[in-house]
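Undergrad: Those protein sequence lines, which keep their order, are chains D and C.
For the first sequence, my numbering gives the first residue as 86, with consecutive numbering after it.
For the second sequence, my numbering gives the first residue as 21, with consecutive numbering after it.
Quick one: structure below, then a few questions.
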Amino acid sequence: MSVATQTLANRWSGLRAWLARAWQPFRPVPLLGWLAAILIAVIIERAVGTPVARALGMSKVPALFGFIIMLKNPGLVFSALLYVLLIYLLPIALVTRLSVRAANQIAGKLIGYSVTLSSLAHLSVLYAALFLWSGESDYRQLVAKLAMIAIITTLSLNVVNGYMGEFSCSHPGFMALGAYGASVLTVTLFVDDNLLGQALLPPALGPFMFPITLIIGGAVAAVGALVVAIPSFRTRGDYLAIISLAFMFIVKSLFENLEVFGGPRGLANQPNYASLTTIFLWTIACIWVINNFVRSTMGKALNAVRDGEMAADAMTVNTRRTKMTAFLFAAFWAGVAGGLLAHVIRYINPDTFGIRKLAEVLAMVYLGGLNAVAGSIVGAVGFVVMSEALRPLEILKWIMIPVLLILLMIFRPTGLIAFKEFEPEKFLRPKVESNDQASSPPKTAGDRQQG
Amino acid sequence: MALLQVDNMTHYFGGLRAVHNYSLQIEPGELRGLIGPNGAGKTTIFNLITGRYTPTEGEIRLDGTSLIGLKPYEIASLGLGRTFQNLRLWRHMTVLEHVKMAHYSKLSYGLSGAFFSTQKRREQEQDTAEEALRLLKRVGADQHADQVVTNLPYGAQRRVELARALAIEPKVLFLDEPTAGMNPEELRQIMEIIRSIHADFGFAIFLIEHRMRFVMELCEIIQTLDFGEVIAEGTPDEIRNDERVIDAYLGKDIEI
Chain D
86 MSVATQTLAN RWSGLRAWLA RAWQPFRPVP LLGWLAAILI AVIIERAVGT PVARALGMSK
146 VPALFGFIIM LKNPGLVFSA LLYVLLIYLL PIALVTRLSV RAANQIAGKL IGYSVTLSSL
206 AHLSVLYAAL FLWSGESDYR QLVAKLAMIA IITTLSLNVV NGYMGEFSCS HPGFMALGAY
266 GASVLTVTLF VDDNLLGQAL LPPALGPFMF PITLIIGGAV AAVGALVVAI PSFRTRGDYL
326 AIISLAFMFI VKSLFENLEV FGGPRGLANQ PNYASLTTIF LWTIACIWVI NNFVRSTMGK
386 ALNAVRDGEM AADAMTVNTR RTKMTAFLFA AFWAGVAGGL LAHVIRYINP DTFGIRKLAE
446 VLAMVYLGGL NAVAGSIVGA VGFVVMSEAL RPLEILKWIM IPVLLILLMI FRPTGLIAFK
506 EFEPEKFLRP KVESNDQASS PPKTAGDRQQ G
Chain C
21 MALLQVDNMT HYFGGLRAVH NYSLQIEPGE LRGLIGPNGA GKTTIFNLIT GRYTPTEGEI
81 RLDGTSLIGL KPYEIASLGL GRTFQNLRLW RHMTVLEHVK MAHYSKLSYG LSGAFFSTQK
141 RREQEQDTAE EALRLLKRVG ADQHADQVVT NLPYGAQRRV ELARALAIEP KVLFLDEPTA
201 GMNPEELRQI MEIIRSIHAD FGFAIFLIEH RMRFVMELCE IIQTLDFGEV IAEGTPDEIR
261 NDERVIDAYL GKDIEI
């Protein structure tokens, strides 16, 4: 028994050492290098992807890195892996290695000029790669859109459940308010609909008004949040969890009984305004604003309230206002995410925003990690891609995902990236080869309790 | 009128009378102590004055402003700083962030600044960071500025808490057992720090303490509390020889 565990441990450390050695050549690659390499890999795929896939015996380009093909037809595992290796891994490895110096120089120049310019440059490369990648098929585009909407939802819930340390269950309710708010506006104003009547404004105006309708949807969600916040923030503890869960069900049954908005049959005919670009811009805006907020002293006040409300009070922090603001702010973004979702799927019904949505959002938050913007991004994208990739397993998927979550809870109870500040400036900086500092950052005291 | 004036304050927890007819006058720059056996109501008095509880009866005034009914954060913003008996530090925050947090009420960049990272916000965050570092240097904890507090030794955590309380620019500083759990070396250091910040900043200090030697050396006037009532008030020498104080601590009619 002990021998077996020892060899396992040996093997594990051997694997880790091997991985570290394999990673060594890529350590000086800056983010810009990675993004450029991904862009080039995607261009290669668009150019020669189909012939390569055919030559390897697949009918078309694997949609999600070969996962779906592997699960659907285990005979093609080898071809799918080879495809991923040829189209993605090899080009990325080659380009990053070859462009190290150039990428570092360009990144250095950009950051030297201004942080804004550098971020914009990085984001445009990222957007170009995403645009080309999702241009391959409608399915990919849908996955990309859902993943970005999931980022907004997860990040906003992390503000409450992570940064503020309360347990809120009402996010699907806020999404529903945002989704219905935005949908009712766009459908009434710009679409001839059986339910909501003739278009009141020329449809050509629609895409320009879309951001405003989203903001109104978010505001409706924030008003809903006020209803939850007023009674539940008088005390601490489990009250918010209970009240917010009740709120979610109230919102759901409200829309089930509102025949003007379609009742349980739902609301359809949303115009096709939520393009990849729109969602990308909203997602970036959301990450930027939320990251600004949680890094400011006003946002840090949330952590102070969570870790010691009495001390926060004594240090002049208006705790009640802090909690209310953050809760309404989170609800606003959930509403925006709901509005975007409604215009991606172009159909919503009250059932979309039920307990299953809640389970999904909570899973994404806790998978990614509490109190970390980067964690939420990773968690949201990881969960959406994972649940799409496992789709061929059908009913087994709903066994696999909980099993993966349980494993995560055992091996990384705080989530993938928890209690870490997300500093974009750090990623934008070039990595100089000589700067070989092996100092690991001080461990955040996530697992050490104060006495 | 005194800087901090408490008149005839009484407080009940349900049927239990925790504090009875308590009065206090603190003049600017004074160094005053509050002692008493366990459960005498010392921390309750701190919590009453700092707004954690509202007294059943009585009046509290800081610089002429009545504190009755104000929220703790409002009282703190008026210039009443405090530390806690059991170090209420925020376990995921760095030392610098702790001290910056105490500048909360002075930040004026508002929500738009917090969301969109305006110029004003960056300037104010920069200024508070510098100010916080200055205070940390003052208590000798600046070398830990970027560390998470839970990784620090106990004595350093105490200093961080002190720096945090200084950051609200108090007129009166309440210290709740500043030496609890300290070893003799740390004790000596904290005593020096308290003396020197008191001399430099010139605010009044009101402290609860269990270590008699510490209080007697540090304070000019000492109040003794027993069962929620002041049983003696005076200079260290007077307190040391007061019959009732000895009784409260050692019990009556002891035979050695």
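Built from N, CA and C at the ideal position, the CB exists for glycine as well.
Hey, out of P198/C, E206/C, Q243/C and E258/C, whose CA is closest to F104/C's CA?
TA: The count along the second sequence starts at 1 and reaches residue 104/C at position 84. Ranking P198/C, E206/C, Q243/C and E258/C by Cα distance to F104/C puts P198/C first.
Undergrad: When you compare the segment 112 to 127 of chain D with the segment 159 to 178 of chain D, are there three or more beta-carbon pairs, one atom per stretch, that lie closer than 8 Å?
TA: Yes, the segment 112 to 127 of chain D is in contact with the segment 159 to 178 of chain D.
Undergrad: Can you find a C-beta in chain C that's less than 8 Å from the C-beta of A399/D?
TA: As a position in the first sequence, residue 399/D is number 314, starting the count at 1. Yes, contact with chain C.
Undergrad: Indicate whether G423/D and L227/D have their beta-carbon atoms separated by less than 8 Å.
TA: On the first sequence, position 338 is the one that residue 423/D refers to. On the first sequence, position 142 is the one that residue 227/D refers to. Their beta carbons are not under 8 Å apart, which means G423/D does not touch L227/D by this criterion.
Undergrad: Does the Cβ-Cβ distance between H31/C and A38/C come in under 8 Å?
TA: Stepping through the second sequence from its first residue, residue 31/C is reached at position 11. Stepping through the second sequence from its first residue, residue 38/C is reached at position 18. It is a contact, given that the beta carbons lie within the stated cut-off.
Undergrad: Within the chosen definition, does the segment 218 to 236 of chain D reach the segment 415 to 431 of chain D through at least 3 CB pairs nearer than 8 Å?
TA: Output reads yes: the segment 415 to 431 of chain D touches the segment 218 to 236 of chain D.
Undergrad: Give the residues from the segment 374 to 397 of chain D that approach chain C closer than 7 Å (Cβ to any Cβ), ordered along the chain.
TA: Answer in chain order: V374, N377, F378, S381, T382, M383, G384, K385, A386, N388, A389, D392, G393, M395 and A396.
Undergrad: Nearest-angstrom Cα distance between N246/D and D392/D?
TA: Taking the first sequence and counting its residues from 1, the one referred to as residue 246/D is at position 161. Taking the first sequence and counting its residues from 1, the one referred to as residue 392/D is at position 307. Whole-angstrom Cα-Cα distance: 13 Å.
Undergrad: Please list the partners that V402/D has in chain C, where partner means a Cβ-to-Cβ separation under 9 Å.
TA: Residue 402/D sits at position 317 when you count from the first residue of the first sequence. What V402/D touches in chain C: Y93, A96, M121, A122, Y124 and S125.
Undergrad: Is it buried or exposed, D246/C, if we count other Cβ atoms within 10 angstroms and call 16 or more buried?
TA: On the second sequence, residue 246/C is found 226 positions in, with the first residue counted as 1. Buried, by the Cβ-count rule.
Undergrad: What is the DSSP secondary structure of D166/C, counted as helix, strand or coil?
TA: As a first step, residue 166/C is located in the second sequence; it is residue number 146 there, counting from the start. Coil.
Undergrad: Can you tell me where the alpha helix (DSSP H) with N67/C in it begins and where it stops?
TA: Position 47 of the second sequence, counted from the start, is the residue given in the question as residue 67/C. Looking at the DSSP string, the run of the alpha helix (DSSP H) that includes N67/C is K62 to I69.
Undergrad: Considering R208/C, what are the terminal residues of the alpha helix (DSSP H) in which it resides?
TA: Taking the second sequence and counting its residues from 1, one reaches residue 208/C at position 188. Note, R208/C: alpha helix (DSSP H), P204 to F221.
Undergrad: Between which residues of its own chain and V365/D is the CB-CB distance below 8 Å, once the five residues before and five after are set aside?
TA: Translated into positions along the first sequence, residue 365/D becomes position 280. With the sequence shown as reference, residue 365/D is identified as Phe, and Val is not the correct amino acid for it. Hits under 8 Å: Y212, L215 and M233.
Undergrad: I'd like to confirm the pairing. Which residues does DSSP put opposite D398/D in its beta bridges?
TA: Reading the first sequence from its first residue, position 313 is the one you call residue 398/D. The partner list for D398/D (beta bridge, DSSP) is empty, contrary to what the question assumes.
Undergrad: Rounded to the nearest angstrom, how far is the Cβ of M121/C from that of V169/C, given a contact under 8 Å?
TA: In the second sequence, counting from the first residue as 1, residue 121/C sits at position 101. In the second sequence, counting from the first residue as 1, residue 169/C sits at position 149. Rounded, the Cβ-Cβ distance is 12 Å, inconsistent with contact.
Undergrad: Does Q283/D pass the burial test, meaning 16 or more other C-beta atoms within 10 Å, or should it be called exposed?
TA: As a working mapping, residue 283/D is identified with position 198 in the first sequence. Looking at its Cβ environment, which holds fewer than 16 other Cβ atoms inside 10 Å, Q283/D is exposed.
Undergrad: Could you give the DSSP three-state label for E253/C: helix, strand or coil?
TA: Mapped onto the second sequence, residue 253/C falls at position 233. Here E253/C sits in strand by DSSP.
Undergrad: Could you check if S525/D is buried or exposed, using at least 16 other CB atoms within 10 Å of its CB as the buried criterion?
TA: As a position in the first sequence, residue 525/D is number 440, starting the count at 1. Reliability fails at S525/D, whose pLDDT of 39 lies under 50, so the model's placement of it is uncertain and no value is given.
Undergrad: Secondary structure at S381/D, three-state DSSP: helix, strand or coil?
TA: On the first sequence, position 296 is the one that residue 381/D refers to. Reduced to three states, the DSSP call for S381/D is coil.
Undergrad: Cβ closer than 8 Å: which chain D residues qualify as neighbours of T70/C?
TA: For the purposes of this step, residue 70/C is taken as the residue at position 50 of the second sequence. Under the 8 Å cutoff, chain D gives A399.
Undergrad: By how many angstroms is the C-alpha of H123/C removed from the C-alpha of T368/D?
TA: In the first sequence, residue 368/D corresponds to position 283, counting from 1. In the second sequence, residue 123/C corresponds to position 103, counting from 1. Roughly 32 Å separates the two Cα atoms.
Undergrad: Pull up the distance between the alpha-carbon of A386/D and that of T238/D, whole angstroms please.
TA: Within the first sequence, numbered from 1, the residue matching residue 386/D stands at position 301. Within the first sequence, numbered from 1, the residue matching residue 238/D stands at position 153. The straight-line gap from Cα to Cα measures roughly 22 Å.
Undergrad: List the residues of chain D whose Cβ lies closer than 9 Å to the Cβ of F221/C, in chain order.
TA: Here residue 221/C refers to the residue found at position 201 of the second sequence. The contacting residues do not exist; F221/C stays about 17 Å from chain D at best.
Undergrad: The segment 438 to 461 of chain D: which residues have C-beta closer than 9 Å to a C-beta of chain C, in chain order?
TA: Here the close residues are N456.
Undergrad: Near I46/C, which residues of its chain fall below 7 Å by C-beta distance, leaving aside the five closest residues on each side in sequence?
TA: Position 26 of the second sequence, counting from 1, holds the residue named residue 46/C. Excluding positions up to five away in sequence, the list reads A22, L23, L24, R52, V192, A224 and F226.
Undergrad: Which residue comes first and which comes last in the beta strand (DSSP E) that contains R81/C?
TA: For the purposes of this step, residue 81/C is identified with residue 61 of the second sequence, where counting begins at 1. Its beta strand (DSSP E) spans residues E77 to L82.
Undergrad: Does D521/D come out as helix, strand or coil in the three-state DSSP assignment?
TA: The residue labelled residue 521/D in the question sits at position 436 within the first sequence. Bear in mind that a pLDDT of 40 at D521/D, under 50, signals an unreliable position, so the model cannot answer this.
Undergrad: If we ignore side chains and look at the alpha-carbon of each, how far apart do R78/D and V235/C end up?
TA: Lying outside 86 to 536, the shown extent of chain D, residue 78/D is not represented and no answer is given.
Undergrad: In angstroms, rounded to a whole number, what distance separates the CA positions of S278/C and T410/D?
TA: A question about residue 278/C goes unanswered here, because the residues of chain C that appear run from 21 up to 276.
Undergrad: So is F504/D in contact with chain C if we call contact Cβ pairs under 8 Å?
TA: For the purposes of this step, residue 504/D is identified with residue 419 of the first sequence, where counting begins at 1. Cβ-Cβ to chain C under 8 Å: yes for F504/D.
Undergrad: If contact is defined by three or more beta carbon pairs under 8 Å, each pair taking one atom from either stretch, is the segment 96 to 104 of chain D in contact with the segment 151 to 159 of chain D?
TA: No, they do not touch.
Undergrad: Note down, in chain order, all residues in the segment 214 to 247 of chain C with a beta-carbon under 9 Å from any beta-carbon belonging to chain D.
TA: Listed by position, the residues of the segment 214 to 247 of chain C near chain D (Cβ gap below 9 Å) amount to none.
Undergrad: Comparing the C-beta of E117/C with each C-beta of chain D, is any distance below 8 Å?
TA: The residue you call residue 117/C lines up with position 97 of the second sequence. Answer yes: the Cβ-Cβ gap between E117/C and chain D drops below 8 Å somewhere.
Undergrad: Do you know whose CA, among T363/D, V421/D, M249/D and G160/D, lies nearest G394/D's CA?
TA: Residue numbering aside, residue 394/D sits at position 309 when the first sequence is read from its first letter. For the record, residue 394/D in the displayed sequence is Glu; it is not Gly. When only C-alpha atoms are compared, the closest one is M249/D.
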